Amino acid sequence: MATRKDNFLLLRVIAALMVIYGHSFALSPIPGARDIFLRLNWDTYSGDIAVDIFFVLSGFMVSGSYLRRSDPVDYLKARLLRIVPALLACLIVTAFVIGPILTSLSLTDYLRSHGVTHYVVQNLKFSSDVSYTLPGVFQSNPFGPSVNGSLWTLPAEFHMYLFVAIIGAVGLLRSRKLTLLVLAGLALAGVFRPELLPLHWMWVRLAGYFLLGIAVQLYKDKIEISHVGMLALLFATYLCRRAEIYPWVFALALTYFCFWFGYCVRLPSIEKYGDPSYGAYLWGWPLQQVYAAMFPHAAPSLSFLVCGCAALALGYLSWHTVERQALRLKSVRLWPLTAPATTQDGLDRRGT
54 MATRKDNFLL LRVIAALMVI YGHSFALSPI PGARDIFLRL NWDTYSGDIA VDIFFVLSGF
114 MVSGSYLRRS DPVDYLKARL LRIVPALLAC LIVTAFVIGP ILTSLSLTDY LRSHGVTHYV
174 VQNLKFSSDV SYTLPGVFQS NPFGPSVNGS LWTLPAEFHM YLFVAIIGAV GLLRSRKLTL
234 LVLAGLALAG VFRPELLPLH WMWVRLAGYF LLGIAVQLYK DKIEISHVGM LALLFATYLC
294 RRAEIYPWVF ALALTYFCFW FGYCVRLPSI EKYGDPSYGA YLWGWPLQQV YAAMFPHAAP
354 SLSFLVCGCA ALALGYLSWH TVERQALRLK SVRLWPLTAP ATTQDGLDRR GT
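Residues in the sequence shown are numbered consecutively from 54, following our numbering.
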């Protein structure tokens, strides 16, 4: 599994579109319209499944990123450069372009409101106390005034980055068996005693999928991915759909699906065009709220179609103008690898 080309970028793009699809039924509701997974009597909906996919892939890729670097500082710098610039751009445009246009307040009152800067600053703290509203914006929308309901997963993602940095710094990632024991212990605590974990309750499920991604990364040379294995897990999930162990079986099946799709399905690569997945995820909800404000009685299918295409376009724009440029800074070191040569009087050769 470790040496194959993958379809992970395409899977992330599909997951971003699944989030937009799932949100369309809440942001542009009409009687009788329901998410396809809810119509099939699943206990979840497409948005949750998509976010779970994101966290499986994130656990796999982020732990791999640490193992390639083995330097907590370089690792955290790379993670921050991946998550912050596009988020900051989205927050600023939302607060200072979309907000002033759509607010019910006067421009002066809007810009003077503490809520505008609070929206930007608070959401850069990666706290569980996410700021969702801007003064006077989307007040009459069917769902309510939430400007970007997708932001709640980003603090969870950031805290998972910190978790990898910690277990990597203490050497756990270098011992597969010990790491697996720790991950299993954390997973059991999340199921039976979640209050013991230093996590917001909404993050516990996401953390579980992230841990599964780490486990796959550590044992990727041992795990066999095949069509037969995928079919077997799908069948097991169906058989267990009414059993208490269903959530566990579903989690394993979804994790296996991520790598089955990534490695076993032959599809053309889209990597040459860039990575719009993160930008599409960030922009999907604000675009759908703008659409709902303009067309309050539109069907969710139209919300998904119009805003999904627009979010992909903004995702590519975000990638090429913000994210890709920021990632070039990963190679810039925060300080020299070695101390400057010094003279006998203790000054370095730069005279300082």
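Note that the Cβ used here is the ideal one computed from N, Cα and C, for glycine as well. Keep in mind it's a predicted model, so treat the numbers as computed, not measured.
If you draw a straight line from the alpha carbon of residue i to that of residue j, how long is it in whole angstroms?
i, j, result
"Gly197", "Lys273", "44 Å"
"Tyr172", "Ser184", "5 Å"
"Pro300", "Thr290", "9 Å"
"Ala394", "Val385", "Per-residue confidence for Ala394 stands at a pLDDT of 42, beneath the threshold of 50, marking its modelled position as unreliable; the derived number appears in the next sentence. The alpha-carbon atoms of Ala394 and Val385 are separated by roughly 21 Å."
"Cys293", "Met283", "15 Å"
"Leu250", "Trp256", "10 Å"
"Thr97", "Val343", "26 Å"
"Ala242", "Ala69", "29 Å"
"Lys178", "Ala285", "43 Å"
"Pro82", "Gly266", "34 Å"
"Leu264", "Leu305", "11 Å"
"Tyr262", "Thr308", "8 Å"
"Tyr214", "Val115", "7 Å"
"Phe303", "Val72", "19 Å"
"Pro195", "Thr232", "46 Å"
"Leu140", "Ala103", "19 Å"
"Thr374", "Val137", "14 Å"
"Leu187", "Gly100", "24 Å"
"Thr147", "Gln192", "15 Å"
"Ala363", "Tyr369", "10 Å"
"Pro84", "Ile151", "29 Å"
"Gly332", "Ser279", "31 Å"
"Gly327", "Arg122", "23 Å"
"Leu335", "Pro153", "19 Å"
"Leu158", "Val190", "8 Å"
"Leu80", "Val223", "44 Å"
Helix, strand or coil: which one does DSSP assign to residue i?
i, result
"Val190", "coil"
"Ile298", "coil"
"Ser166", "coil"
"Ile73", "helix"
"Pro138", "helix"
"His253", "coil"
"Cys143", "helix"
"Val235", "helix"
"Arg402", "A caution first: Arg402 carries a pLDDT of 34, below 50, which makes its placement in the model unreliable, though a value can still be read off. Looking at Arg402 - three-state DSSP - the assignment turns out to be coil, as it is neither helix nor strand."
"Val150", "helix"
"Phe310", "helix"
"Ser322", "coil"
"Asn60", "coil"
"Asn176", "helix"
"Arg14", "Residue 14 cannot be examined here, being either before or after the span of the chain that is shown, 54 to 405."
"Leu370", "helix"
"Thr161", "helix"
Practice task
Give, in chain order, every unbroken run of the alpha helix (DSSP H) that is at least 4 residues long and sits entirely within the segment 85 to 134.
Solution key: 89 to 92, 99 to 122
Practice task
Could you tell me which uninterrupted alpha helix (DSSP H) segments, each at least 4 residues in length, are contained entirely in the segment 329 to 363, listed from first to last along the chain?
Solution key: 330 to 347
Handout entry: Cβ pair count under 8 Å reaching 3, the segment 189 to 205 against the segment 334 to 347
Key = yes
Exercise for the section: Count the CB pairs spanning the segment 91 to 109 and the segment 216 to 234 that are closer than 8 Å, and state whether there are at least three. Expected result: no
Exercise for the section: Specify whether the segment 76 to 85 and the segment 347 to 360 touch according to this definition: at least 3 beta carbon pairs, one from each stretch, less than 8 Å apart. Expected result: yes
Handout entry: Continuous alpha helix (DSSP H) assignments of at least 4 residues falling wholly in the segment 261 to 308
Key = 280 to 292
Problem - the segment 121 to 132 touching the segment 211 to 220, judged by at least three CB pairs closer than 8 Å - result: yes
Handout entry: Three or more C-beta pairs below 8 Å linking the segment 112 to 131 and the segment 160 to 167
Key = no
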